[in-house]
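*Asks:*
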Amino acid sequence: MRTGLNLPKESTFKGPALIWKRAAAFAIDLLIIDFIIAFPFRSIMEKLIPAGSFMESYSYISSNPKVAGILSLITLLIGILALLYFSILEYSQGQTPGKMLMRIKVEPVRDKNFFAYLVRSMYMLIIFPFILLWVIDPLFMFFTQDRRRLSEILSGTKTTEVYALR
């Protein structure tokens, strides 16, 4: 039996990742962040805010500046940890677990540096003005030819996928 078949290699090319794959990867990563980063803070938040309706909780937080300050600090800490999750994994591996499952990668357009990957993930900081990026950033994918987000343009990175020609 002949073992060394000389078959033609599959033709592939690298292009922008499909939007649905990017969204799915992001959703997977948010679930991981919620479980690993945010979950440990839940017990602290439950102790700070008495059980009740949304309006009762809002009223309680509004009337207790110390509680509001602690909650703001926890939110900022979760945002910083999420920022580091994306920045470190994308810089070192080119992928987060969500991107690995969706078979997409982050690649530098220019020189690779950690600061660019921090800029790329600034939307994870849940404070003004970064919270605006939750709306503005993904909209850029629909209006740019190579489907890059605003933060990808600013950071000199892009999210790619390998396509096979059949």
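Just so we're aligned, residue 1366 is where the sequence shown starts under my numbering, counting upward by one. Glycine residues also receive a C-beta, built at the ideal position from the N, C-alpha and C atoms. None of these values were measured; they are calculated from a predicted model.
Return yes when the Cβ of Thr1509 is within less than 8 Å of the Cβ of Ile1469, no when it is not.
*Replies:* Start at 1 with the first residue of the sequence shown, and residue 1469 comes out as number 104. Start at 1 with the first residue of the sequence shown, and residue 1509 comes out as number 144. Taking 8 Å as the Cβ cut-off, Ile1469 and Thr1509 do not qualify as a contacting pair.
*Asks:* For the beta strand (DSSP E) holding Phe1400, just list the boundary residues, first then last.
*Replies:* Stepping through the sequence shown from its first residue, residue 1400 is reached at position 35. Looking at the DSSP string, Phe1400 is not in any beta strand (DSSP E), and its letter there is neither H nor E.
*Asks:* Pick from Lys1379, Ala1390 and Asp1476: whose alpha carbon is nearest that of Asp1511?
*Replies:* Position 146 of the sequence shown holds residue 1511. Minimum Cα distance to Asp1511 is reached at Lys1379.
*Asks:* Going by C-alpha to C-alpha distance, which of Ser1427, Ser1428 and Leu1449 sits closest to Leu1490?
*Replies:* Taking the sequence shown and counting its residues from 1, one reaches residue 1490 at position 125. Cα-wise, what sits closest to Leu1490 is Leu1449.
*Asks:* Please confirm whether Ala1403 and Thr1461 have their CB atoms less than 8 Å apart.
*Replies:* Within the sequence shown, numbered from 1, the residue matching residue 1403 stands at position 38. Within the sequence shown, numbered from 1, the residue matching residue 1461 stands at position 96. No, the Cβ-Cβ distance between Ala1403 and Thr1461 is not below 8 Å.
*Asks:* What would DSSP say about Gly1380, mapped onto helix, strand or coil?
*Replies:* In the sequence shown, the residue the question calls residue 1380 occupies position 15. DSSP places Gly1380 in strand when its eight states are reduced to three.
*Asks:* Does the Cβ of Ser1424 have 16 or more other Cβ atoms within 10 Å, making it buried, or fewer, making it exposed?
*Replies:* Your numbering for residue 1424 matches position 59 in the sequence shown. Flag for Ser1424 reads exposed.
*Asks:* When DSSP builds the beta bridges, which residues end up paired with Tyr1528?
*Replies:* What you label residue 1528 is simply residue 163 of the sequence shown in a count that begins at 1. Phe1378.
*Asks:* Give the secondary structure of Val1474 by DSSP, where H, G and I count as helix, E and B as strand, and everything else as coil.
*Replies:* Along the sequence shown, one-based indexing puts residue 1474 at 109. Coil at Val1474, not helix or strand.
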